[in-house]
Amino acid sequence: MTSFNKIIVAIASVSILLFSGSQAFALFGGKLTTLTPKDGNVMIPVKTVKDGKAHYFKVRADDGVMVEFFLIQSADGVIRAAVDSCDVCYRSGKGYVQDGDFMVCTNCGMRFAADRINEVKGGCNPAPLKREVRGDHLVISMQEINANAWYCKYKK
561 MTSFNKIIVA IASVSILLFS GSQAFALFGG KLTTLTPKDG NVMIPVKTVK DGKAHYFKVR
621 ADDGVMVEFF LIQSADGVIR AAVDSCDVCY RSGKGYVQDG DFMVCTNCGM RFAADRINEV
681 KGGCNPAPLK REVRGDHLVI SMQEINANAW YCKYKK
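Numbering (this note's numbering), first residue to last: 561 to 716.
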């Protein structure tokens, strides 16, 4: 493949991501898994998200907003959780796609190392969600989901 062809492919790929919004990952086989809260929490089996790939979920907050978030196991083995939005770009209704060990904003193109998710908050960083592992499940409280629902009010 010539350099010119590589550039064309790169431009086409970025265009798809930027214009597809948070659903861009669906073009590559991903999907949002709808969760139902139980006893004030959402629970995801750890074994289903321990592969280094971003996994996308949605759950309805108390105010009716569908909150979209992702989980990703970073190279250090930690499962990270973040709203599929940030403080800066949330009004675009877009989110993030995975590129290796990075999550990339489909609105502004900023790249974030997976091992910094839940460590750095604010600005363009993916909005972190507090989570804990209980037994063989990763647990996020609905209180945490409800507190972060505002990030997703512009999602389509």
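We treat Cβ as the ideally placed atom computed from N, Cα and C, and that holds for glycine. Predicted, not measured: the structure shown is a model, and the values here were computed from it.
Reference residue i; option with closest CA among the options
i, options, result
"R676", "M663, G669 and R691", "M663"
"C559", "F617, P686 and N706", "There is no way to answer for residue 559, as the model of the chain reaches only from 561 to 716."
"V606", "A641, V627, K591 and D623", "A641"
"L592", "F617, K681, C646 and C712", "F617"
"M702", "D611, K610 and F629", "F629"
"I700", "L689, W710 and A707", "L689"
Cα-Cα separation between residue i and residue j, rounded to whole angstroms
i, j, result
"L595", "A673", "26 Å"
"A584", "V657", "Caution applies to A584, whose pLDDT of 45 falls short of 50 and renders its modelled position unreliable; the model cannot decide the point."
"G660", "S634", "10 Å"
"M603", "D636", "22 Å"
"T666", "K681", "18 Å"
"K613", "T562", "30 Å"
Whole-number beta carbon distance between residue j and residue i, since they are thought to touch under 8 Å
i, j, result
"P597", "V625", "Rounded, the Cβ-Cβ distance is 14 Å, inconsistent with contact."
Three-way DSSP call (helix, strand, coil) for residue i in this model
i, result
"I705", "helix"
"V606", "helix"
For the region 606-648, list the beta strand (DSSP E) runs that are entirely contained and at least 3 residues long, ordered along the chain. Along the region 606-648, the beta strand (DSSP E) occurs as fully enclosed runs of 3 or more residues at 615-620, 626-633 and 639-643, listed in sequence order.
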